[in-house]
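Residues in the sequence shown are numbered consecutively from 8, following this note's numbering. Glycine included, every Cβ here is placed at the ideal spot set by N, Cα and C.
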Amino acid sequence: MDNQDNSIQFQELEKANRILRKKLERCENERRQLESDISTKEFLLKKVISELEDSQTKLQQRSQELEDTLDSLHKMQTQMIQNEKMSALGQMVAGIAHEINNPVSFIYGNISHIKQYTHDLLRLVELYHSYFPNPPAEIQNERQAIDLEFLEKDATKILHSINIGTERIREIVLSLRNFSRLDESEFKAVDIHEGIDNTLLILQHRLKANDKSPEILVTKDYGNLPNVECYAGQINQVFMNILANALDAIAQFNAKRTYRQIQDHPSRITIHTSVVDSHWVKIAIADNGIGIPEAIQKNIFNPFFTTKPIGKGTGMGMAISYQIITEKHGGKLEFFSTPEQGTEFVIQIPLQQLIRPRDVLGEEENNK
Ligand SMILES: Nc1ncnc2c1ncn2[C@@H]1O[C@H](COP(=O)(O)OP(=O)(O)OP(=O)(O)O)[C@@H](O)[C@H]1O
Ligand SMILES: [Mg+2]
């Protein structure tokens with residue numbers, strides 16, 4: 008009986024054991040399946056993460072590109088507005104310059120005649136007087152009433168003032184015409200140093216010593232420059248504008264110093280030229296004048312910006328120079344200034360104009 012029981016129990020145990028094994032096997036299979044699922048999912052997740060990271064980088068790049076595009080669009084817009092303003096201003100200025108030019112030339116051209124006529128008439132009166140020293144009372148009274156001696160002196164002074172006034176207007180008209188690009192001079196390869204020297208020669212009278220200040224020293228540090236293709240007349244105008252401003256700045260600074268102080272620290276203009284590389288030349292013109300206050304530095308190239316007294320400055324010098332260097336010659340014009348110490352203007356221009364300037368092409372178009 009016991010044996011039978013035992014064998015039944017044994018069989019049951021074996022059955023249970025088989026069932027357990029099968030369960031274990033199933034569990035094992037499930038575990039394997041799960042593991043493989045997990046690794047597949049992990050792989051997928053990693054892929055998704057890396058794709059996300061990729062797209063994030065791309066998005067960042069894209070947004071950077073968009074920002075850059077927006078930035079350049081803004082710049083372009085400002086440039087276009089500026090161009091539009093300049094061209095409208097140019098046309099207006101050209102119109103005004105043209106309208107003023109004729110009557111002023113008329114006055115200017117006739118001043119010398121009026122001078123001559125006045126001089127002749129006064130001489131004639133004098134001649135009458137020397138031959139008829141005792142004219143009738145009516146003439147004597149009239150002579151006193153008009154105060155002939157005063158008239159003689161004053162007429163000369165008035166004519167002189169008219170002359171200076173019209174000359175000034177002619178200078179302004181000339182600047183305006185240049186600004187509006189009506190006057191185009193020839194485009195050719197020139198010696199830059201010659202242009203600077205000629206300009207200095209014209210300004211010589213302002214460099215000389217006078218009773219208020221000693222001579223202004225000019226230091227020339229000329230490099231070995233090849234000829235530069237440019238509108239020589241216009242480049243000279245830039246030198247003139249910069250040098251005239253430098254002299255004004257020196258005069259302004261010296262107005263605050265005694266003769267002795269100026270002697271101890273002489274006024275100086277330093278001109279330095281050099282070849283930047285095989286394509287560019289650099290011309291730096293420095294003064295040790297009053298300097299430019301930081302607050303107005305952004306305005307220097309604006310048309311009509313001036314800090315000079317009414318009648319002295321038109322505020323066109325630097326605006327014209329900027330236009331000549333950047334637009335007409337594809338160059339750069341910048342300045343560095345320390346108030347109370349001085350200013351340096353730096354011009355950089357290409358040795359050759361790779362693309363022929365717009366103005367030349369424009370002119371040819373017009374001439375067809
Ligand atoms: N070297 C300099 N030192 C100090 N200030 C300067 C210098 N160059 C230019 N400036 C400043 O820039 C302003 C503008 O110069 P710009 O030559 O355009 O006009 P302007 O000299 O006033 O008049 P103009 O049209 O008769 O030349 C000047 O009024 C002056 O304040
Ligand atoms: Mg000036």
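For the pair S274 and N261, the CB atoms are nearer than the 8 Å cut-off. Inter-segment contact for the region 345-356 and the region 296-306 is present: three or more beta-carbon pairs are separated by less than 8 Å.
Distance from the C-beta of N248 to the nearest heavy atom of ligand 1 is below 7 Å. A straight line joining the alpha-carbon of T333 with that of L340 spans about 7 Å. Of the other Cβ atoms in all chains shown, 16 or more fall within 10 Å of the Cβ of F194; this residue is therefore buried. Around the CB of V55, fewer than 16 other CB atoms lie within 10 Å, so the residue is classed as exposed.
Distance between E32 and R38, taken at the CA atoms: about 10 Å.
Following the DSSP letters along the chain, one finds Y229 in no alpha helix (DSSP H), marked with neither H nor E. By the Cβ test, the region 171-182 is in contact with the region 113-129, since at least three Cβ pairs between them sit closer than 8 Å. The residues S281, V283 and Q355, in chain order, have a CB closer than 6 Å to that of K289 in the same chain once the five nearest residues on each side in sequence are set aside.
Boundaries of the alpha helix (DSSP H) harbouring Q241: A239 to N261, taken from the DSSP string.
Around the Cβ of A293, a 10 Å sphere holds 16 or more other Cβ atoms; the residue is buried. With a cut-off of 7 Å, the C-beta of T265 is classified as distant from ligand 1, since no heavy atom of the ligand falls inside that distance. Setting aside the 5 residues that flank it on each side, V353 is surrounded in the same chain by A291 and E341, each with a C-beta closer than 6 Å to its C-beta; the list follows chain order.
Using a Cβ distance threshold of 8 Å, I199 and L232 count as a contacting pair. The beta carbon of N243 sits closer than 7 Å to the beta carbons of G202, N205 and T206 from its chain, once the five residues preceding and following it are set aside; these are given in chain order. By the neighbour-count definition (other C-beta atoms within 10 Å, threshold 16), A152 is an exposed residue.
Straight-line measurement puts the Cα of M247 at about 20 Å from the Cα of G230. Counting along the chain, R275 sits inside no alpha helix (DSSP H); it lies in the beta strand (DSSP E) bounded by residues R275 to V282. For N252, the distance from the CB to the nearest heavy atom of ligand 2 is below 7 Å.
Residue nearest to L214 within the set V180, F308 and L254 is L254 (criterion: CA-CA distance). For K315, the shortest separation between its Cβ and any heavy atom of ligand 1 lies below 7 Å. Between A196 and V235, the CB-CB gap stays under 8 Å.
Residue A216 holds the alpha-carbon nearest to the alpha-carbon of I257 among D228, S79 and A216. Taken from the Cβ of G324, at least one heavy atom of ligand 2 lies inside 7 Å.
Pairing F311 with M323 gives a Cβ-Cβ distance under 8 Å.
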